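Trainee: Taking the numbering used here, the leading residue of the sequence shown gets 1, the next gets one more, and so forth.
Glycine included, each C-beta is placed from N, C-alpha and C at the ideal position.
Since the structure is predicted, the reported quantities are computational estimates derived from the model, not experimental observations.
Okay, here's the structure, questions in a sec.
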Amino acid sequence: MKALMQNREIINPDFYVEHGYPHEAWAELRRESPVFYWEKNTEMPFWAITKHADITQIGKMPEKFLNGPDLVIRTDPEPEGERFDPPPTIIQMDPPMHGAYRKIVSKRFTPGALRKIHADIDNVAAEIVEDLLAEGMEGECDFVEKVAAPLPIAVISWLLGVPKEDWHLLFDWTNRTLGAGDPEYQEEGSVPGETARNAMIELFTYFSQMVEERKKNPTDDLVSLFAHAEVNGKPMDPMDVLSYCMIIVIAGNETTRNATSGGMAALIEHQDQLRRVQKDPSLLQPCIEEMLRWTSPIIHFARTATEDFELRGKTIREGDKVALFYPSANRDEEVFEDPYTFRVDRNPNRHLAFGIGEHFCAGAHVARIEMNYAFRSLIPRIAEIEFAGERDRLRSSLVGGIKRLPIRYKLNAA
Ligand code: HEM
Numbered sequence: 001m002k003a004l005m006q007n008r009e010i011i012n013p014d015f016y017v018e019h020g021y022p023h024e025a026w027a028e029l030r031r032e033s034p035v036f037y038w039e040k041n042t043e044m045p046f047w048a049i050t051k052h053a054d055i056t057q058i059g060k061m062p063e064k065f066l067n068g069p070d071l072v073i074r075t076d077p078e079p080e081g082e083r084f085d086p087p088p089t090i091i092q093m094d095p096p097m098h099g100a101y102r103k104i105v106s107k108r109f110t111p112g113a114l115r116k117i118h119a120d121i122d123n124v125a126a127e128i129v130e131d132l133l134a135e136g137m138e139g140e141c142d143f144v145e146k147v148a149a150p151l152p153i154a155v156i157s158w159l160l161g162v163p164k165e166d167w168h169l170l171f172d173w174t175n176r177t178l179g180a181g182d183p184e185y186q187e188e189g190s191v192p193g194e195t196a197r198n199a200m201i202e203l204f205t206y207f208s209q210m211v212e213e214r215k216k217n218p219t220d221d222l223v224s225l226f227a228h229a230e231v232n233g234k235p236m237d238p239m240d241v242l243s244y245c246m247i248i249v250i251a252g253n254e255t256t257r258n259a260t261s262g263g264m265a266a267l268i269e270h271q272d273q274l275r276r277v278q279k280d281p282s283l284l285q286p287c288i289e290e291m292l293r294w295t296s297p298i299i300h301f302a303r304t305a306t307e308d309f310e311l312r313g314k315t316i317r318e319g320d321k322v323a324l325f326y327p328s329a330n331r332d333e334e335v336f337e338d339p340y341t342f343r344v345d346r347n348p349n350r351h352l353a354f355g356i357g358e359h360f361c362a363g364a365h366v367a368r369i370e371m372n373y374a375f376r377s378l379i380p381r382i383a384e385i386e387f388a389g390e391r392d393r394l395r396s397s398l399v400g401g402i403k404r405l406p407i408r409y410k411l412n413a414a
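Below, the structure written as structure tokens:
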């Protein structure tokens, strides 16, 4: 069993580019060895955690399993001096510090608070979707370029208060940080660490000017919120203010982009399900949850054990790394009926696409509003739709990214 498993690929970025998610290998692990020590990744050996229940348990034990030391399992060798460790943000913080910082943004992102700006988010999204629909009653396009990428960029920029002429910068920074391991986004003659570092410096320089401006003239955007925020009764450290801007840019873009493009691909592959939502619009919300389960845009996040911990008869030692494979949890046969079937009426749907526990995605409701707008506008208009070429995947073991999704379509009249 051990030898067999180690011949599989579960975290190899090159495998993802070629084949997408290794669902067969994850299923085998869930069945045979759900807490499995993955020695093959010599850069950083780790415990592969593949069951829904175990990921839930670990996610809810933030004192025993820390985010701080290593949030991502490193797969590519990075020689001394070439590695880039981004400045810590809330996602790398552990209790009790994490709670104090998380409070700053969580009030803004509750469903209640977002209800007030729901219409504004719809307006921002409308411009992008209408652009596509205005191109004629039939056509061909790259869905990522036309809708899935610009949609979250526009919404995040609007939430932060970034003016429209600078939205393209956010696109570029996200590609060069989260996509630094992909040759397409690497700066010429530079290594991934350097590409990500340069993008981060540009992002910090840009936002430090914006923060200064908002300190003098506050508005109700997120940059103003961070610029005036207090942690435990004291103004937030200037570096933390910038890190907060950075995590919103980085966490909110690529993820929603891939849930939207992966969601569209799922509808193309399951046209019977597309027709069901067209006939019954009350299925839109469960359809979006199913897209999130189906695509699971984050492949893994890692934790570090603070003490020895027994799980399913295995001992995870203090200091060991564990990788939480969210897409595997989202195909767990013990939780989901027919996990390999895309069903727009799935209910219940306790997917872990947004993680679980202490670090549950702060932007989950924002992402849902964006996807709701896009699919609410597009689905009724689709008369015919098909792929117009192969999709291109991002080289990454963190984000299951789709770089290009060529589609061909005919529309219904509005
Ligand atoms: C479909 C889209 C999205 C997916 C799949 C997603 C996924 C995730 C996951 C899995 C985590 C958990 C991290 C962990 O366990 O350590 C997370 C955290 C986070 N996400 Fe998202 N995310 C999405 C959209 C967004 C958006 C739109 C925003 C911002 C507006 C955002 C901001 C954040 C932040 C700030 C955290 C850190 C929370 C913390 O550490 O307390 N995300 N996200």
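Who are residue 35's beta bridge partners in DSSP?
Mentor: Against the sequence shown, residue 35 aligns to sequence position 35. In the DSSP output, where bridge partners are listed per residue, residue 35 has 49.
Trainee: Looking at the ligand MG, does it come within less than 7 Å of residue 59, judged from the CB to the closest heavy atom?
Mentor: In terms of ligand content, the structure shown lacks the ligand MG and carries the ligand HEM instead.
Trainee: In whole angstroms, what is the alpha-carbon distance linking residue 404 and residue 144?
Mentor: Position 404 of the sequence shown holds residue 404. Position 144 of the sequence shown holds residue 144. Cα to Cα, the separation comes out at about 6 Å.
Trainee: Can you give the beta carbon distance from residue 330 to residue 296, rounded, assuming they're within the 8 Å contact cut?
Mentor: The count along the sequence shown starts at 1 and reaches residue 330 at position 330. The count along the sequence shown starts at 1 and reaches residue 296 at position 296. Right, the Cβ-Cβ distance comes to about 5 Å (below 8 Å), so this counts as a contact.
Trainee: Can you have a look at residue 351 and say buried or exposed, based on whether 16 or more other CB atoms are within 10 angstroms of its CB?
Mentor: Working through the sequence shown from its first residue, we reach residue 351 at position 351. With 16 or more other Cβ atoms within 10 Å, it is buried.
Trainee: Relative to the ligand HEM, is the shortest distance from any of its heavy atoms to the C-beta of residue 362 smaller than 7 Å?
Mentor: As a working mapping, residue 362 is identified with position 362 in the sequence shown. Yes.
Trainee: With distance defined between alpha-carbon atoms, name the residue in 21, 61 and 264 nearest to residue 360.
Mentor: Taking the first residue of the sequence shown as 1, we reach residue 360 at position 360. Taking only the C-alpha atoms, the option nearest residue 360 is 61.
Trainee: Would you say the beta carbon of residue 359 is closer than 7 Å to some non-hydrogen atom of the ligand HEM?
Mentor: Walking along the sequence shown from the start, residue 359 turns up at place 359. Residue 359: yes, Cβ under 7 Å from the ligand HEM.
Trainee: Within the present structure, is the beta-carbon of residue 354 separated from the nearest heavy atom of the ligand HEM by less than 7 Å?
Mentor: For the purposes of this step, residue 354 is taken as residue 354 along the sequence shown, with counting starting at 1. Yes, the Cβ of residue 354 comes within 7 Å of a heavy atom of the ligand HEM.
Trainee: Does the distance from the C-beta atom of residue 251 to that of residue 356 stay below 8 Å?
Mentor: Along the sequence shown, read from residue 1 onward, the residue named residue 251 stands at position 251. Along the sequence shown, read from residue 1 onward, the residue named residue 356 stands at position 356. Going by C-beta atoms, residue 251 is not nearer than 8 Å to residue 356.
Trainee: Cβ of residue 302 within 8 Å of Cβ of residue 317?
Mentor: Indexing the sequence shown from 1 puts residue 302 at position 302. Indexing the sequence shown from 1 puts residue 317 at position 317. No, the pair does not count as a contact, with Cβ atoms beyond the cut-off.
Trainee: Which same chain residues end up closer than 6 Å to residue 389 when comparing Cβ atoms and leaving out the 5 residues on each side of it in sequence?
Mentor: Locating residue 389 in the sequence shown gives position 389, where the first residue counts as 1. Short of 6 Å from the beta carbon of residue 389, and not among the five residues preceding or following it, lie these beta carbons of its own chain, in chain order: 406.
Trainee: Since residue 115 is in the beta strand (DSSP E), which residue starts that stretch and which ends it?
Mentor: Indexing the sequence shown from 1 puts residue 115 at position 115. Premise fails: residue 115 lies in the alpha helix (DSSP H), 111 to 133, not in any beta strand (DSSP E).
Trainee: Pairs of beta-carbons, one from the stretch 280 to 294 and one from the stretch 329 to 345, closer than 8 Å: are there three or more?
Mentor: Yes: the two stretches touch, three or more of their Cβ pairs being nearer than 8 Å.
Trainee: In three-state terms, what does DSSP make of residue 183?
Mentor: Position 183 of the sequence shown, counted from the start, is the residue given in the question as residue 183. In the structure shown, residue 183 sits in a helix (DSSP, three-state: H, G or I).
Trainee: Just to confirm the assignment, what range does the beta strand (DSSP E) spanning residue 252 have?
Mentor: In the sequence shown, counting from the first residue as 1, residue 252 sits at position 252. Not the beta strand (DSSP E): residue 252 falls in the alpha helix (DSSP H), residues 238 to 269.
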